[in-house]
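Trainee: What follows is a single structure, and I will ask about it in a moment.
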Amino acid sequence: MRLAVLRERAAGETRVAATPETVKKFIALGATVAVEPGAGASAAIPDADYAAAGAQLVADPTVGAEIVLCVQGPEPDLLVGLAPGAWIVGGLDPFARADRVEAWATAGLEALAMEFMPRITRAQSMDILSSQSNLAGYKAVIEAANAYGRAFPMMMTAAGTVSAARVFVMGVGVAGLQAIATARRLGAQVSATDVRSATREQILSLGAKPIFVENVAGIEGEGAGGYATEMSAEYQQAQAELVSAHIARQDIVITTALIPGRAAPRLITDAQIATMKPGSVIFDLAAPQGGNVEGSVADQVVERHGVRILGFSNTPARLPADASALYARNLYNFLSAFWDKEAQRPVLDEEIGNAVRLTQAGKVVSERLLG
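Residues 419 to 789 in the working numbering are what the sequence shown spells out, letter by letter.
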């Protein structure tokens with residue numbers, strides 16, 4: 419079994435799909451690993467470290483490879499060295515790049531989208547969305563703190579007292595929980611909201627104040643697959659009224675709400691931004707999916723009513739070393755969990771295989787893309 423690790427070509431992508439740590443582990447399974455020179459440079463991993471781990475450094479690692487590991491799906495012209503039946507494993511962005519999925523199918527490649535990993539207990543260690551969202555939630559608070567013109571914690575000095583910053587986190591998934599924890603560590607007064615009622619206890623457990631609509635039912639439990647779904651018009655109106663009353667008193671707002679395969683839900687309007695104090699900061703983690711905040715633009719600082727709105731196209735890529743380490747372990751955990759020693763290759767089971775498989779035998783087979 420030969421694995422290939424490509425240098426990422428997408429603009430702003432600093433991560434790499436394998437590290438020397440995971441290269442050693444794949445070799446221990448009996449695989450050969452070929453790495454494109456410079457693949458780890460942006461994540462501070464020199465070629466010499468891959469070589470020391472046992473990897474082969476070759477200009478085109480896809481030649482003869484049976485599995486290609488990637489962070490973002492490679493363009494078809496980079497995969498000419500692959501034979502039909504080879505696997506592409508990574509974050510493939512299938513909803514936005516249906517053209518690329520079709521091209522992989524036409525080439526006879528089997529594309530496995532790691533972002534389609536089911537949210538089940540045995541797949542937790544394989545979940546790239548969780549590992550990368552954790553870092554994104556942390557980085558969102560750090561970037562907001564940097565843009566905010568005041569201190570986060572309360573400070574009592576001989577010259578007077580500095581009040582703690584007020585931070586409001588909207589959306590309490592993996593990124594939101596890490597944003598709450600980070601803001602608390604920095605000494606802020608933190609509140610948070612979500613449409614899923616089960617998150618109330620999680621918010622409280624982190625020492626933050628839950629802000630919930632009380633008179634209209636939200637989602638009981640965790641929602642489908644651990645994600646929120648779109649709410650009724652009645653709930654959306656009640657949520658907007660609650661947020662409007664709360665957001666005017668906040669210094670920092672972090673928005674994290676996403677619905678897989680859909681545009682990001684709008685959580686904050688321009689009118690609500692206008693109620694915030696000048697100098698306040700909003701970090702929109704959903705900016706690349708259309709944004710939770712009216713007027714947000716990915717990779718630009720937008721100022722409205724004296725409030726700065728930030729958001730990046732690829733927040734985890736701003737922590738390349740840690741993001742790569744976690745991502746690479748996700749991929750190793752996935753392939754090693756299904757490694758057949760006799761066949762010397764991974765053999766997927768039906769539950770996870772059907773969930774992540776986009777293409778097979780020349781066709782697009784994912785129900786999520788065909789449905």
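We treat Cβ as the ideally placed atom computed from N, Cα and C, and that holds for glycine. Just so we're clear, the structure is a prediction, and the values are computed from it rather than from any experiment.
(1) In the DSSP output, which residue or residues are listed as bridge partners for residue 423?
(2) Taking all protein chains shown into account, decide if residue 493 is buried (16 or more other Cβ within 10 angstroms of its Cβ) or exposed.
(3) Skipping 5 residues on each side, what residues in its chain have a beta carbon closer than 6 Å to that of residue 696?
(4) Since residue 554 and residue 673 are thought to touch, with beta carbons under 8 Å apart, how far apart are those beta carbons, to the nearest angstrom?
(5) Given a threshold of 16 other Cβ atoms within 10 Å of its Cβ, counted over all protein chains shown, does residue 609 qualify as buried or as exposed?
(6) Run through DSSP, which three-state label would residue 756 get?
(7) Between which residues of its own chain and residue 433 is the CB-CB distance below 8 Å, once the five residues before and five after are set aside?
(8) Count the other CB atoms within 10 Å of the CB of residue 564; is the residue buried (16 or more) or exposed (fewer)?
(9) Excluding sequence positions up to five away, which residues of its chain have a Cβ less than 6 Å from the Cβ of residue 476?
(10) From the DSSP secondary-structure annotation, give me the bridge partner or partners of residue 551.
(11) Please confirm whether residue 672 has its beta-carbon closer than 7 Å to some beta-carbon of chain D.
(12) Should the segment 577-587 be regarded as contacting the segment 664-678, the criterion being three or more beta carbon pairs within less than 8 Å?
(13) If contact is defined by three or more beta carbon pairs under 8 Å, each pair taking one atom from either stretch, is the segment 714-730 in contact with the segment 696-706?
(14) If you draw a straight line from the C-alpha of residue 572 to the C-alpha of residue 602, how long is it?
(15) So, with DSSP's three-state summary, where would you put residue 544?
(16) Locate the beta strand (DSSP E) running through residue 702, then write down its first and last residues.
(17) Would you grab the beta carbon distance between residue 685 and residue 710 for me? Rounded to a whole angstrom, and I think it's under 8 Å.
(18) For residue 755 versus residue 536, is the C-beta distance shorter than 7 Å?
(19) Am I right that residue 534 and residue 679 are in contact with their C-beta atoms under 8 Å? What's the rounded C-beta distance?
(20) Whose C-alpha, out of 630, 521, 581 and 655, is nearest the C-alpha of residue 567?
(21) Let me confirm a value: residue 642 is counted as buried when at least 16 other C-beta atoms fall within 10 Å, else exposed. Which label applies?
(22) Residue 525 to residue 757, Cα distance in whole Å?
(23) What's the gap between the Cα of residue 666 and the Cα of residue 692?
(24) Measuring alpha carbon to alpha carbon, tell me which residue in 766, 443 and 458 is nearest residue 435.
(25) For residue 444, name the three-state secondary structure that DSSP assigns.
(26) In three-state DSSP terms, what is residue 529?
(27) Between which two residues does the alpha helix (DSSP H) holding residue 506 run?
(28) Would residue 778 and residue 528 qualify as a contact pair, given that the criterion is a beta-carbon distance under 7 Å?
(29) Distance check for residue 705 and residue 501, CA to CA, integer angstroms please.
(30) Using alpha carbons as the reference points, say which of 788, 422, 557 and 577 lies closest to residue 486.
(31) Thinking just about the alpha-carbon of each residue, which of 600, 592, 547 and 498 is nearest to the one in residue 556?
(32) Put residue 628 into one of helix, strand or coil per three-state DSSP.
(33) Measure the CB-CB distance between residue 509 and residue 532 and report whether it falls below 7 Å.
(34) Beta-carbon within less than 8 Å of residue 855's beta-carbon, same chain only, minus the 5 sequence neighbours each way: which residues are those?
(35) With a cut-off of 8 Å on the beta carbons, I'd call residue 782 and residue 521 a contact; round off their distance for me.
(36) In terms of residues, what are the limits of the alpha helix (DSSP H) holding residue 652?
Mentor: Let me spell this out:
(1) 453 and 487
(2) exposed
(3) 724
(4) Residue 554 to residue 673, Cβ: 12 Å. No contact.
(5) buried
(6) Here residue 756 sits in coil by DSSP.
(7) 426, 460, 461, 489, 734, 735, 738, 741, 742 and 745
(8) exposed
(9) Answer for residue 476: 452, listed in chain order.
(10) In the DSSP output, where bridge partners are listed per residue, residue 551 has none listed.
(11) Checking the listed chains, one finds no chain D in this structure; it contains a single protein chain.
(12) yes
(13) yes
(14) 12 Å
(15) DSSP places residue 544 in helix when its eight states are reduced to three.
(16) 699-702
(17) The C-beta separation of residue 685 from residue 710 comes to about 4 Å, placing the pair in contact by the 8 Å criterion.
(18) no
(19) 10 Å between Cβ atoms; not a contact.
(20) 581
(21) The pLDDT assigned to residue 642 is 47, lower than 50, so where the model puts this residue is not dependable; a value taken from the coordinates is nonetheless given after this. Within a 10 Å sphere around the beta-carbon of residue 642 sit fewer than 16 other beta-carbons, which makes this residue exposed.
(22) Distance between residue 525 and residue 757, taken at the CA atoms: about 25 Å.
(23) 8 Å
(24) 458
(25) helix
(26) strand
(27) Annotation: residue 506 is outside any alpha helix (DSSP H); the continuous beta strand (DSSP E) that includes it extends over 505-509.
(28) For residue 778 and residue 528, yes; Cβs fall inside 7 Å.
(29) 37 Å
(30) 422
(31) Of 600, 592, 547 and 498, the residue nearest in Cα terms is 600.
(32) strand
(33) yes
(34) One cannot answer for residue 855 here, as it falls past the ends of the chain, which runs 419 to 789.
(35) With 8 Å as the limit, residue 782 and residue 521 do not qualify as a contact, their Cβ atoms being about 11 Å apart.
(36) 651-665
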